[in-house]
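Data first, discussion second: the structure below is written as C-alpha cells.
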Amino acid sequence: MPDGKAEIVLTAPATEMSTHHGKEFLGFGTCSPREAIPAFLIRNLFYPKVKTEKGVAKFAPYGLRKIEAILSDHFDVVTVHPYDIESWLTDAKVVGVSVMDPLGYGPVSVTFASIVQGTPTTRVEFLELMEKIRNHDCRVIVGGAGAWQLELENFEVDCVVIGEAESVVLDLFKKAVNGDELPKKVVAKSPSIDEIPAIKNASINGLVEIARGCGRGCRFCSTTGLKRQDIPLDKILEEVKVNLKNGTDGVILHSEDVLLYGSRLVPDEEKVTKLFRKVRELTANIGISHCSLASVAANPELVEEITEIIGADFVGVQTGMETGSSRLIAKYMHAKPYPFQPEDWKEVVVQAFEIMEENDWIPAVTLVIGLPDENEDDLAETLDLLDRVAKYRSLIVPLFFIPMETSALRHERFFGMEHMRSLHYEILRKCAEHNLRHVDWIMKKYMRGLKGVIVRNSYLALKKWFERRFREIDWKEVRGIREG
Ligand code: SF4
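Take our numbering: the final residue in the sequence shown is number 515, and no numbers are missing along the way.
Have a look at this one:
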C-alpha cells in the first residue's frame, strides 16, 4: 500500500520487528532490562529495525504475516514498523498488534528481570507503541502468543484474541472497520488446515511453519492447548519461495519438534527427509527452530541425514531439558521422553546431547526452575544432569516457572527471587559456568557472517562484562545466606 493510506495497519512491538541480525537466538536479548544494559545497546545488539520500503516493513513476524494474508484479500492492509506507525494512523480505522511478550511476563523476561531487577525491554517497547496508537482514533485488536499477558493487568484495548486467530480474524476486523461492537476477548479455537493461509510477504529470518501444536502435552507449556497439525508440503514450499523471492537469505523451518513432521511422537524418517530435500532444492541455507531431545535420542540416523542434506557445520536449535528429575517429568510432562520412559529422562538427555555434538547441532536448552512441588531431591537431580552434559557444546538457559494463562498449570503461583533456595542458586551458577565454558566457540561459529565490527565487538565486550561480574560473585556466601 505505497500511497501512505490503509484502513488496517498491522504491527508488533519493535523488539519483534527485527531480524536480530539474522540470528534468531539473539532475540532472547530483547528481554533484557534497561536498568542493566543501556537502551541503545540493547536495541543495536538485539533488535535493530527491520528494513522498510516506503514506510512498509520488508520483514515481519510470521504470525502477523498470516493475519495480513487473510485480511489483504478484503481490505487495504499495511504492515509497518512501530517507529514508522504514526504517519499511517491518521487514515487507519483499525490497528492489529501481534505480541509475544507485551508486558514482560514471559519466562525469559521474568527470569532476567528478577535476577537483575528491572523492566524488560519487551514491555517498554510495547507500552511505547500503545501510547502512540492511543493518540489516534483507531480501534485496537491485539493477538499473538503473548496476548494472555494483557489480562494480568486488565490492560485496555478494544479486543484481545487468545489462541490461533485465523478462524476469527476476518470477522473481527470487519466489525472493527464497520464500527460494530467488538467482544472484549475472544478465545479462538484451532483453525482447520484449510483456514491457515500461506503468507504473502517475507517473515522474520524466513521463518516457515511446518507443523503446529505439540503432542507431548507438558503441563507447564503454553502450546499444550493447540491442536497438533502438519502443514502440507506444498504450502511449506510456497512459503519458502515467498521468503526467498522477498529477500530472505534462507529459511528457518519451524515447529515444536521438526523431527516429528508428518508423525506424532516418533519420527517418520521418510517424511522428514523428503521435506528437507524439497526445501534444499530451493535454498542452501536451511535452519531449524526446535527439536525434542527424545526425538534426537530415538533417531540418531535421522539427525545425521538431515545434517547431510542441509550441509551445515553449525545447526543452532532450541530444545527443552526442563529438569533432571524423573519424578517431575512423570508428574508434569510424562510424554516428553516418549518413546522412552520418564525414569529414562536423564539418559535420554545425555544421549541426545552426544548425538547433537557429533552432528554439529548446537542446542540452546531451557531448564525450568520452581515448578510447583519441586523439592531438594529434584534440584539435586538437575544438578547431576548438568554435570553429565557439562562437556557438550550448548547453552543452557534456566527459566523461572511461569503459570501461563494458556497452560494447564495456570492456577499455580509465579516463581520469583523470593522463592530461591540454595540449590536454585547452585543451578544458576552451574548454568552460567556451562555457558561461559562454551560461549567463545559458539560465538565464533554463530557470529560468522555478522556484518559490522562495532556490533561484533560489542558482543565480545558484553560477554567479558558478564564474565567479570559472574566471577566477582561469592557463590558460597549467596548460597549460605539463603540457607541461613
Ligand atoms: S515438548 Fe516442548 S513444546 Fe511440546 S509440550 Fe513439552 S515443552 Fe511444550
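Yeah, the Cβ is synthetic: ideal placement off N, Cα and C, and Gly gets one too.
Query - heavy atom of ligand 1 below 8 angstroms from Arg247 C-beta - result: yes
Requested in this report: For Tyr78, I'd like the list of residues in its chain whose CB is within less than 7 angstroms of its CB, leaving aside the five on either flank, ordered along the chain.
Outcome: If we look at Tyr78 and ignore the five residues flanking it on each side, its Cβ neighbours are Ala45, Thr46, Ser49, His51, Thr61.
Query raised in the report: What number of angstroms, rounded off, separates the C-alpha of Ile227 from the C-alpha of Arg452?
Result: 46 angstroms
Query - Exposed unless 16 or more other CB atoms sit within 10 angstroms - verdict on Val303 - result: buried
Query - Assigned exposure category for Met32 - 16 Cβ within 10 Å defines buried - result: Unreliable placement is indicated for Met32, whose pLDDT of 49 sits below 50; the coordinate value is still reported in the next sentence. It is buried - the Cβ of Met32 has at least 16 other Cβ atoms within 10 Å.
Requested in this report: Measure the C-alpha to C-alpha separation of Ser326 and Ile386 and round it to an integer number of angstroms.
Outcome: Roughly 11 angstroms between the two C-alpha positions.
Query raised in the report: If we ignore side chains and look at the alpha-carbon of each, how far apart do Pro133 and Lys266 end up?
Result: 30 angstroms
**Report entry** Cα-Cα separation, Gly135 to Asp375
**Finding:** 35 angstroms
Report task. Take every Cβ of the stretch 60-74, pair it with every Cβ of the stretch 180-196, and state whether three or more of those distances are shorter than 8 angstroms. Result -> no
Report task. Take Cys322 as the anchor and find which of Glu270, Glu269, Pro394 has the nearest alpha-carbon. Result -> Pro394
Query - Separation of Val40 from Gly210, as counted between CA atoms - result: 16 angstroms
Requested in this report: Tell me whether Lys362 counts as near ligand 1, meaning its Cβ is closer than 8 angstroms to at least one heavy atom of that ligand.
Outcome: no
Report task. State yes or no: is the C-beta of Leu238 within less than 9 angstroms of the C-beta of Val282? Result -> Contact: yes.
Query raised in the report: Between Cys62 and ligand 1, is the CB less than 8 angstroms from at least one heavy atom?
Result: Because no heavy atom of ligand 1 lies under 8 angstroms away, the Cβ of Cys62 does not count as near it: no.
Query raised in the report: Helix or strand or just coil, what does DSSP make of Phe204?
Result: helix
Query raised in the report: Using DSSP with H/G/I as helix, E/B as strand and the rest coil, what is Glu339?
Result: helix
**Report entry** Lys216 - containing beta strand (DSSP E), residue span
**Finding:** 216-219
Query raised in the report: How would you write the range of the alpha helix (DSSP H) that Ile98 sits in, first residue to last?
Result: 93-102
Query raised in the report: Who does Ile317 pair with in a DSSP beta bridge?
Result: In DSSP, Ile317 forms a bridge with Val282.
Query raised in the report: Would you call the CB atoms of Glu269 and Ala328 closer than 9 angstroms?
Result: no
Report task. Between the Cα of Asp261 and those of Phe251, Asp299, Ile360, spot the shortest distance and give me the residue it belongs to. Result -> Asp299
Requested in this report: Taking all protein chains shown into account, decide if Met161 is buried (16 or more other Cβ within 10 angstroms of its Cβ) or exposed.
Outcome: buried
Requested in this report: Please state whether DSSP places Phe77 in a helix, a strand or coil.
Outcome: helix
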